[in-house]
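Written out below as structure tokens is the structure these notes cover.
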């Protein structure tokens, strides 16, 4: 009898995957993957990565069984001499090394993962915490510094993000709003908004997919901050129209600032003071008798002059005229003025809307920035400045405005709590705006002693391994675990990372394929694909129901569509088994206990479904507990194998907006970053007392980034003569994030080759190419001011700024044992700096637009 079934599951071919799928299986073979029409997040749609998951499953170049190295020499020019071994031998060998290093010094164990971890129930943080090592390192950090500004000002994981239902005017900077990256749900949202009539303005060195649907404004790479500062100047000084009521009641703009740059406080209560114009005196921010507060002017408190925070902020924007910005950005001053006026007009200051019986301000305008703009030497400050543009017109966390959005639950604040204020009445910094506690000498390799707000810093980790004295590291790392990320290719030039990996006594990898770090491992464990494992996660979407728009929160379940093809296991099993063998699985503080806490893993469980502290669970059992915790004892993941019935909770439409939790009068956004200034002063004092600075930085220059208002900052070092162009990079729809082994997937390669002529090439503007005597197909070298260089064929296109050298994605695998299809294209990250002095000391992000010179090969 022929077996023929549709199996419902969850796609995990990208980072933070939100899409439900159904797979057609015949006689145990997956023959097709489609989107699940019942899943509210993607509503039946699926990107090319999801459709091609079958080819990931059936890739003949997969790691198929545990292996150990027989050649002691490590290098990508060496044959590891793999020998097949049993799981028992592999786990025993690894456990022995982990027990040894844990007994000596747990810090000697370093753990690397990356975006391919997304969708797993255990991500490794709980394993590292139970083990006792502080060196949990996510490899996806160097170009993902997009969290600080939203964490600081919005109390949320990302944002501001446009509202596809109500935003009428969106400015996108350095971001594709997920359509360019190939997200099915995001593509639908932006297309729905455009069809509704939303105007889209894309400020980017490259004319992206989104830019083709709206207005493209080319900008000189690396100058995004100048454009954002000029927008604020025009709004404040030329248009002179902003949401004054919002600034008075919803920001700390009225807070009085003293000569020391900090809040002037009430002597008895310690609360910040504002100047009540009607009363002619200062009152605390929460005084119910306040009638009208001053945003501008100068006042005297106990003989000390002080000014409202908004006045200081406004004064700081005075130099950043459109003419000044034109010189920095190449955008004509008249265009900057027009965009600012259109943005203010679109915001409809003063308008309101009622949703689910609750009155909201309606501000249908949003400025949104992404990785391409924020990954710069001033990235943390730029992200904050972007939020402030929205703040000037009151377009934050309300219908039509830019919303703060959540990420994985263990890295985010629940939506109703995002805007919860601190003792000063200002949105309390959360997520990545909560600094790492200062410790010296550092326990961790990631440099967060010197950059306490930074994102994941694998680039710093590997630099510190090679230069421990510069970072005051008093121990030598000995054991490295690799899973779901590729430190050799995902940071900067491969050579320093390979050199650092050679310093470890023992390296083991849980791998899908024989990528570069896997080739350098001593023991390799084979990993299942997304169609062979159990897992669960969450997704949210605003959808239409019979009762009107609802905020749908779905529990996405992944189940084995087919039986594992080879002798593979999923990471959750490996963590549990290694934890049992080295004694960190059971009891208080063990992996089970930490999973229950909700601090370390994406899925969460509540009593009575928490993991027992004295037994080992299978992935299927964990999924069952999570689902029952969410939907009650009758919920059965196995029963949904062949049913198009996604587990969903429907919440009111109004809960889509953080404003719901803390409406007007309940919290204030910081237009003046007193918190950041204090953090910089504290860091300066601590580093000064310890006699230490971040390598590559002078202390004063580093602390200059800790400004209470946004300012223009020059790079830490200038480019040599002749480096007159900027290399730029963007995600591609077929290969975004590198998760799901997409670079090895022949279907995706075929689609990319047919529909995207701007991959695997060096893109130049026609004018730029003509000036250098270059034609389509010419071979050129692109050499970075930081020393790395890459080679590729020229593709001439007017879709690029005249000073941009466009290189898509991050291609160029060099492992000889991978699928040969992955060894194509250009490795953009080779052009990045390997030095900490060239990264943003706030977010830890790279300089994402390195200056380069171009010449014929």
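Numbering (full-length UniProt numbering), first residue to last: 1 to 857. Where a beta carbon is used, it is the ideal one built from N, C-alpha and C, also for glycine.
CB of residue i within 7 Å of CB of residue j, strictly
i, j, result
"residue 852", "residue 771", "no"
"residue 72", "residue 90", "no"
"residue 551", "residue 515", "no"
"residue 694", "residue 836", "yes"
"residue 525", "residue 510", "yes"
"residue 76", "residue 519", "yes"
"residue 13", "residue 49", "yes"
"residue 416", "residue 436", "no"
"residue 780", "residue 725", "no"
"residue 584", "residue 130", "yes"
"residue 231", "residue 295", "no"
"residue 105", "residue 462", "no"
"residue 729", "residue 846", "no"
"residue 180", "residue 208", "yes"
"residue 362", "residue 407", "no"
"residue 460", "residue 447", "yes"
"residue 228", "residue 216", "no"
"residue 622", "residue 121", "yes"
Beta-ladder partner(s) of residue i, from DSSP
i, result
"residue 853", "783"
"residue 403", "161"
"residue 557", "536"
"residue 368", "172"
"residue 690", "Paired residues: none, contrary to the question."
"residue 301", "304"
"residue 156", "Residue 156 pairs with nothing; no bridge assigned."
"residue 284", "273"
"residue 775", "Answer is none; residue 775 lacks a bridge partner."
"residue 358", "355"
"residue 800", "206"
"residue 257", "263 and 307"
"residue 552", "541 and 650"
"residue 293", "276"
"residue 452", "In DSSP, residue 452 forms no bridge with anything."
"residue 806", "728 and 763"
"residue 408", "Answer by DSSP bridge pairing: none, since residue 408 is not bridged."
Extent of the continuous alpha helix (DSSP H) run through residue i
i, result
"residue 349", "Here residue 349 belongs to no alpha helix (DSSP H), and DSSP marks it neither H nor E."
"residue 212", "Unbroken run through residue 212: none, as it is neither H nor E."
"residue 386", "379 to 392"
"residue 764", "Taken as a continuous stretch (DSSP letters only), residue 764 belongs to no alpha helix (DSSP H), being part of the beta strand (DSSP E) at 762 to 764."
"residue 835", "Note, residue 835: premise wrong, no alpha helix (DSSP H); not H, not E."
"residue 220", "Careful: residue 220 lies outside any alpha helix (DSSP H) and carries neither H nor E."
"residue 461", "458 to 466"
"residue 830", "It is not in any alpha helix (DSSP H) - residue 830 carries neither H nor E in the DSSP assignment."
"residue 751", "746 to 755"
"residue 194", "184 to 196"
"residue 227", "224 to 233"
"residue 246", "244 to 250"
"residue 329", "322 to 329"
Element boundaries [beta strand (DSSP E), containing residue i]
i, result
"residue 646", "No beta strand (DSSP E) contains residue 646, which DSSP labels as neither H nor E."
"residue 790", "789 to 796"
"residue 483", "479 to 483"
"residue 727", "725 to 728"
Chain B within 7 Å of residue i, Cβ atoms only
i, result
"residue 615", "This model lacks chain B altogether, as it is built from one protein chain only."
_Quick check: the segment 109 to 119 against the segment 332 to 352, are at least 3 beta-carbon pairs closer than 8 Å?_
no
*Can we say the segment 33 to 40 touches the segment 8 to 25, given the rule of at least three CB pairs closer than 8 Å?*
yes
*Report the residue ranges of all beta strand (DSSP E) runs contained in full by the UniProt domain "4Fe-4S Mo/W bis-MGD-type" (4 to 61); include only those spanning at least 3 residues, in chain order.*
4 to 10, 20 to 26 and 29 to 35
*Of all the beta strand (DSSP E) runs that stay within the bounds of the segment 83 to 142, which reach a length of 3 or more residues?*
109 to 113 and 136 to 138
*Pick out the complete alpha helix (DSSP H) segments inside the segment 492 to 543, 4 residues or longer, and give them in chain order.*
494 to 501 and 516 to 519
*Would you say the segment 123 to 142 touches the segment 36 to 47, given that touching needs at least three Cβ pairs under 8 Å?*
no
*Contact the segment 495 to 509 vs the segment 800 to 814: 3+ CB pairs below 8 Å*: no
*asked:* Whether or not the segment 366 to 377 and the segment 388 to 399 are in contact is what I'm after, with contact meaning three or more pairs of Cβ atoms, one per stretch, closer than 8 Å; do they touch?
replied: yes
*For the segment 792 to 799 against the segment 769 to 783, are there 3 or more C-beta pairs whose distance is under 8 Å?*
yes
*Every unbroken alpha helix (DSSP H) within the segment 565 to 629, with a cutoff of 4 residues, ordered by chain*: 571 to 582 and 591 to 597
*For the segment 654 to 712, which segments carrying the beta strand (DSSP E) assignment without a break, of at least 3 residues, lie completely within its bounds, in sequence order?*
none
_Closer than 8 Å is the cut-off here; do at least three beta carbon pairs connect the segment 265 to 273 with the segment 249 to 257?_
yes
*How about the segment 261 to 270 and the segment 220 to 235: do they share at least three Cβ pairs that are nearer than 8 Å?*
no
*Would the segment 367 to 383 and the segment 158 to 177 be scored as touching if the rule is three or more Cβ pairs under 8 Å?*
yes
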